[in-house]
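The structure appears below as structure tokens.
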Amino acid sequence: MDDLIRIKNLKKNFPVQKNFLDLLFAGAKQSYVHAVDDISFEIKKGEVLGLAGESGSGKSTTGRLLLRLLEPTDGTIEYDGEDITNKPYKEMRSYREKMQVVFQDPNSSLSPRMKVGDAIGHPLKIHKKLSTVQRKEEVLSLMEKVGLTPADFLYNKYPHQLSGGQSQRVVLARALITNPEFVVADEPIAMADVSVRALILELMKDLKKEFDLTYLFITHDLSTAKYLCDRIAIMYLGQIVEIGSKEELFNNPHHPYTKALLSAVPVPDPTQRRTEEIPRGEIPSAINPPAGCHFHPRCRYATPECSASRPPLKNIGGTQYSACILE
Amino acid sequence: MDKPILDVRNLSIDYPISIGTVEAVRDVSFTLEKGEALGLVGESGCGKSTLGLAFLQLLRAPGRIIDGQILYHGNDIVTMKNDALMKMRGRNIAMVFQNPLTSLDPLYSIEDQFYETMKQHEPKITKAEAAEKAGKVLEDLSIDKKRLYEYPHQLSGGMRQRIMIGLGLILNPDLLIADEPTTSLDVIVEAGFIDLLAKLRREYNLSIILISHNLGLVAEMVDRIAVMYGGKIMELGTAEDIFGKPLHPYTEGLIGCVPNIKLDQKSLVSMPGSPPDLVNPPKGCRFSPRCPKCMDICREKEPELKTKEKGRQVSCWLYNK
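Chains as they are written, first to last, in the working numbering: chain B, 1 to 327; chain D, 328 to 648.
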């Protein structure tokens, strides 16, 4: 299988805003939030790659960097063999058609003044030269496919007249109307109710088959990631600590952080209550992350070596890579 | 066994609004024993949070209790006077809400928030005494005492959540109502919260009502579960029974549509349709329009919550013949 997306040594720093007094007394030294700190991975055609981690681990920033919604500080992004890191705005347009995004909160990603049909058809207006009638036909047929039925009836509704599940379907439809190859789904089900979540997940699975899609699925919920993804990358403080196929990662986690994360996931089964200890403390600041392996202050296996230098991702068998010095 | 700490009998709550009356909670009855943890689960709009607020008479207008009793150690909260309620809130029954940032006052230091809470119930307490007590509670919650002198914005989400619990526990209540307490937390912090509550339950002999849509969290924490749908309890039983052999089709669907990290699921159960309009609830069983096992009688007559076996109640015609 070919790689659709390949990123190398991607970095994104956000400057920390300083107030006047800091600049006056503390000197003009600028500090940065290292949101994404030197990560590399590739996504194969037709694959679902999960990007999982706690809040502040840089997973959403990574998603936005891939789409060039944010400009990387350093590193390269390749799409289908083409380097798009420095493509000018105009040339990026043809890529925007193929790369789409779905965000967490459907209500804040839909204009309250735009009818459902117009919202879904809007990308067509930008990317394809179609008559109004043709556009409406395309929109209606896609609405059927994502389960927005009766499509004729919902076409003229406004977002506030829809249920949560329906709004998320509208956002999905809008992302798919240009017939993209690649979709970044950033916590698409986090706001939804339990039964709606299941429906959206199933829908995403069906649409992937139907439209031959490749997903980057960003989530904090490992149970969902396990259900939907083929491969999963675990992020911690801007770095990938472990990446591997779903089977490798869940059956044989290697990095202590992955292990901690997996054991912390609540299981909907009272006969399988967690007995393992979980690491203490919370995720440190990404402004001055700990030296060496970022996880070492919370890691129970930490040795002096861990704080000396950052362990690189190394192959530990199959397609599984882990950034830990442990054997 | 002692008398239950909380005995809810046939509780019904309405929200009269311009287009009619929202039947938010209907005919809910259950008991909570001392030291027990009960989970109220269901999707948004099922009435679980309304129910949680009612236990402290904190319902906002136009919400009101139209029928039923809430007996706390035998005293009815529904008919209690305002003074008595003020004394009871915090001291006897404490509540922890979903979003700690909106529940803590940004202009008060943590110490002041504790002091204010305590002064309400012990007017003579000095600030130093309050700080000492608060420090002890913070230690139980594994937060450094120095944090007392900080403000909410200086703390992380997990810490704020623990401060909220600390504020709830400072007056030694015997019942804690937690409404989606971990929704804004990350998994590892959430796991820490679960351990903490288990420890506090042992040490303070707390009874807990956990309100959540997160089935994983509920499965980790509680002894018994009440599954709610459309303002009614659909099924009530021990956590093992509810998850192990769900009786009600809604419970079955709800459990089946949650991804489970320990399983290799090929597909999830889908429950099409949406929760009922509680202004015009469906005739018969409120779940009947979405129920895969719906029978004729389900659309005609509403089933009652009946005891199926010991400690197990279900409201479904499949079992109430």
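Glycine included, C-beta positions come from ideal geometry on N, C-alpha and C. Because the structure is a prediction, the values reported are computed rather than measured.
- A straight-line Cα-Cα distance of about 31 Å links Leu465 of chain D and Asp269 of chain B.
- Short of 6 Å from the beta carbon of Ile189 of chain B, and not among the five residues preceding or following it, lie these beta carbons of its own chain, in chain order: Arg197, Ile200.
- For Asn107 of chain B, the enclosing alpha helix (DSSP H) stretches over residues 106-109.
- Between the C-alpha atoms of Ile392 of chain D and Glu627 of chain D there is a straight-line separation of about 27 Å.
- Leu333 of chain D is classed as buried because its beta carbon has at least 16 other beta carbons within 10 Å across all chains shown.
- Put simply, the CB of Arg273 of chain B is near chain D, with a gap under 9 Å to one of its CB atoms.
- Secondary structure within the segment 532-578 of chain D: the alpha helix (DSSP H) runs of 4 or more consecutive residues, fully enclosed, are 542-548, 566-571 (chain order).
- Taking C-beta atoms as the reference points, Cys229 of chain B and Leu49 of chain B count as a pair closer than 9 Å.
- The DSSP-derived three-state label of Ser141 of chain B is helix.
- With respect to the C-alpha of Leu412 of chain D, the residue from D:Phe382, D:Ser430, D:Tyr577, D:Lys620 having the closest C-alpha is D:Phe382.
- Arg310 of chain B carries a coil assignment under DSSP once its states are collapsed to helix, strand and coil.
- In the three-state reduction of the DSSP assignment, His127 of chain B falls in the helix class.
- At a Cβ-Cβ threshold of 9 Å, Gln440 of chain D and Leu431 of chain D count as neighbours.
- Ranked by Cα distance from Leu172 of chain B, the options B:Val102, B:Phe182, B:Val194, B:Ser245 are led by B:Val102.
- Take Tyr321 of chain B, set aside five residues on each side of it, and the residues of its chain with a beta-carbon closer than 6 Å to its own are Ile243, Leu313, Asn315, in chain order.
- Taking a beta-carbon distance threshold of 9 Å, Cys584 of chain D counts as an interface residue toward chain B.
- Contact of Glu137 of chain B with chain D is not assigned, every C-beta pair being separated by 9 Å or more.
- Within the same chain, Cβ atoms closer than 8 Å to the Cβ of Lys414 of chain D are found at His448, the five residues on either side in sequence being excluded.
- Between Lys559 of chain D and Arg353 of chain D, the C-beta gap is smaller than 9 Å, which places the two residues in contact.
- In the three-state reduction of the DSSP assignment, Arg68 of chain B falls in the coil class, being assigned neither a helical nor a strand state.
- Residues of the segment 140-156 of chain B whose Cβ lies closer than 9 Å to any Cβ of chain D, in chain order: Gly147.
- Sixteen is the threshold: when 16 or more other Cβ atoms of the shown chains lie within 10 Å of the Cβ of Lys12 of chain B, as they do, the residue is buried.
- Between Gly117 of chain B and Lys136 of chain B, the C-beta spacing is below 9 Å.
- Assigned with DSSP and collapsed to three states, Asn251 of chain B falls in helix.
- Runs of alpha helix (DSSP H) with 4 or more residues, each lying fully within the segment 444-477 of chain D, are found at 454-467, listed in chain order.
- Rounded to the nearest whole angstrom, the CA to CA distance from Ala233 of chain B to Asp37 of chain B is 14 Å.
- Sequence-ordered contacts of the segment 372-385 of chain D with chain B read Gly372 [C-beta pairs closer than 9 Å].
- With the rule of 3 Cβ pairs closer than 8 Å, the segment 103-122 of chain B counts as touching the segment 156-173 of chain B.
- Contact check for Met555 of chain D against Val641 of chain D fails: the beta carbons are separated by 9 Å or more.
- Interface with chain B (9 Å Cβ-Cβ cutoff): Ile490 of chain D is excluded.
- Bounds of the beta strand (DSSP E) holding Leu503 of chain D are 502-506.
- Within chain B, the residues whose beta carbon sits less than 7 Å from that of Gln592 of chain D are Tyr227, listed in sequence order.
- By the Cβ rule, the segment 495-512 of chain D counts as touching the segment 537-544 of chain D, because three or more pairs are nearer than 8 Å.
- By the rule that beta-carbons nearer than 9 Å mark a contact, Ser483 of chain D touches chain B.
- The residues Thr76, Ile77, in chain order, have a CB closer than 8 Å to that of Asp83 of chain B in the same chain once the five nearest residues on each side in sequence are set aside.
- Judged by pairs of C-beta atoms under 8 Å, the segment 360-373 of chain D does not touch the segment 296-314 of chain B, as fewer than three such pairs exist.
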